[in-house]
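Asks: Numbering (the numbering used here), first residue to last: 4 to 241. After the structure tokens below, expect a handful of questions from me.
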């Protein structure tokens with residue numbers, strides 16, 4: 004293991020989500036998941052015996068709140084950085100996270116590309132923030148590394164309102180949907196529905212599998228990739 008690798012501790016009470024996060028971290032060059040723990044007490048023990056550079060920290064743990072834990076780390080002078088990974092959408096919690104020096108705030112559920120982008124930005128921040136700044140430009144460059152990217156432009160033929168509608172339909176259908184079923188529910192043509200479903204597959208938010216009937220060609224079924232669904236197959240996705 005290279006000393007330059009960022010050593011990551013996953014703190015997540017859901018074992019399936021924790022396994023998915025470990026797999027995701029392992030797929031990003033320069034990052035190594037040292038361990039996954041399911042409580043703050045377990046996290047404390049790991050931090051006491053091994054070097055950790057970054058925590059992927061859930062906020063709701065069985066023995067306390069993640070932000071209180073982060074505050075304790077800061078008070079003790081622990082150098083590990085924190086990326087919050089949570090379902091909490093309260094902007095007050097987001098503000099408190101910023102005040103504690105949390106470097107990123109990632110909402111669940113997410114696909115691999117989301118975490119990959121945040122980790123790569125963090126790696127850029129570590130690289131640009133090393134040593135002493137020669138001037139304001141160096142400071143600005145280091146701070147900019149952590150800022151979220153501008154939303155990517157959607158491909159031609161993909162509109163945001165329809166994409167949101169199709170994604171919501173797919174999330175609400177655990178067994179998956181065909182293009183025909185999606186078209187009927189969304190009030191769009193089958194060809195249009197397939198275009199949006201394929202976009203969700205291409206961006207890592209859904210997968211597709213053929214299902215064979217008694218006659219004719221197999222029909223494609225599309226399924227939303229939540230964390231629990233992605234855990235088993237995340238190595239082959241995106």
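Every residue gets a Cβ at the ideal spot worked out from N, C-alpha and C, and that includes glycine.
Looking at C-beta atoms only, is the number of pairs between the segment 48–62 and the segment 20–39 that lie closer than 8 Å three or more?
Replies: Verdict: yes, contact present.
Asks: Roughly how many angstroms lie between the CA atoms of residue 106 and residue 124, to the nearest whole one?
Replies: Those two C-alpha atoms are separated by around 10 Å.
Asks: Does the beta-carbon of residue 1 have 16 or more other beta-carbons within 10 angstroms, so that it is buried, or is it exposed?
Replies: This structure gives no information on residue 1, because the portion of the chain shown stretches from 4 to 241.
Asks: Relative to the C-alpha of residue 86, which candidate in 95, 114 and 70 has its C-alpha closest?
Replies: Per the Cα distances, 70.
Asks: Just the Cα atoms here: how many angstroms apart are residue 181 and residue 222?
Replies: Their Cα atoms are separated by approximately 7 Å.
Asks: Would you give the residue range spanned by the beta strand (DSSP E) that residue 181 belongs to?
Replies: From DSSP, residue 181 is part of no beta strand (DSSP E); its letter is neither H nor E.
Asks: Using a Cβ distance threshold of 8 Å, determine whether the segment 88–102 contacts the segment 177–197, with at least three qualifying pairs required.
Replies: Flag = no, the segment 88–102 and the segment 177–197 do not touch.
Asks: With 16 other CB atoms within 10 Å as the buried threshold, where does residue 175 fall?
Replies: Under this definition residue 175 is an exposed residue.
Asks: Around the Cβ of residue 167, are there at least 16 other Cβ atoms within 10 angstroms (buried) or fewer (exposed)?
Replies: So residue 167 ends up on the exposed side.
Asks: Taking the C-alpha atoms as reference points, what is the distance between residue 186 and residue 52?
Replies: Using only the alpha carbons, I get a separation of about 55 Å.
Asks: Put residue 75 into one of helix, strand or coil per three-state DSSP.
Replies: Correct three-state label for residue 75: helix.
Asks: Using only alpha-carbon positions, find the residue among 201, 47 and 28 that is nearest to residue 119.
Replies: Checking every option, the nearest Cα to that of residue 119 belongs to 28.
Asks: Only counting the same chain, and skipping five residues up and downstream in sequence, which positions put a Cβ closer than 7 Å to that of residue 76?
Replies: Result list for residue 76: 83, in chain order.
Asks: What ranges does the alpha helix (DSSP H) occupy inside the segment 74–121, keeping only unbroken runs of at least 4 residues that lie completely in it?
Replies: Within the segment 74–121, the complete alpha helix (DSSP H) runs of at least 4 residues are 94–102.
Asks: Nearest to residue 55 by CA position, among 110, 63 and 13, is which residue?
Replies: Out of 110, 63 and 13, 13 has the C-alpha closest to the C-alpha of residue 55.
Asks: Quick one: give me the first and last residue of the beta strand (DSSP E) that residue 222 is part of.
Replies: Start and end: 222–227.
Asks: Near residue 188, which residues of its chain fall below 6 Å by C-beta distance, leaving aside the five closest residues on each side in sequence?
Replies: Answer for residue 188: 172, listed in chain order.
Asks: Report all residues from its chain with a CB closer than 6 Å to the CB of residue 203; omit the five preceding and five following residues, and keep chain order.
Replies: 209.
Asks: Under a Cβ-count criterion, where at least 16 other Cβ atoms within 10 Å of its own Cβ denotes burial, should residue 89 be classed as buried or exposed?
Replies: That one is buried.
Asks: Give every residue of the same chain whose Cβ lies closer than 6 Å to the Cβ of residue 31, excluding the five residues on either side of it in the sequence, and list them in chain order.
Replies: Closer than 6 Å at the Cβ level, and outside the excluded window around residue 31, lie 119 and 122.
Asks: Please list the terminal residues of the continuous beta strand (DSSP E) segment that includes residue 213.
Replies: Element bounds for residue 213: 209–214.
Asks: Verify the CB distance criterion: does residue 117 have a CB-CB separation below 8 Å to chain C?
Replies: Included in the structure is just one protein chain, with no chain C present.
Asks: Put residue 21 into one of helix, strand or coil per three-state DSSP.
Replies: Residue 21 falls in the helix class under three-state DSSP.
Asks: Go ahead and pull the three-state DSSP assignment for residue 31.
Replies: Of the three classes helix, strand and coil, the one that applies to residue 31 here is coil, per DSSP.
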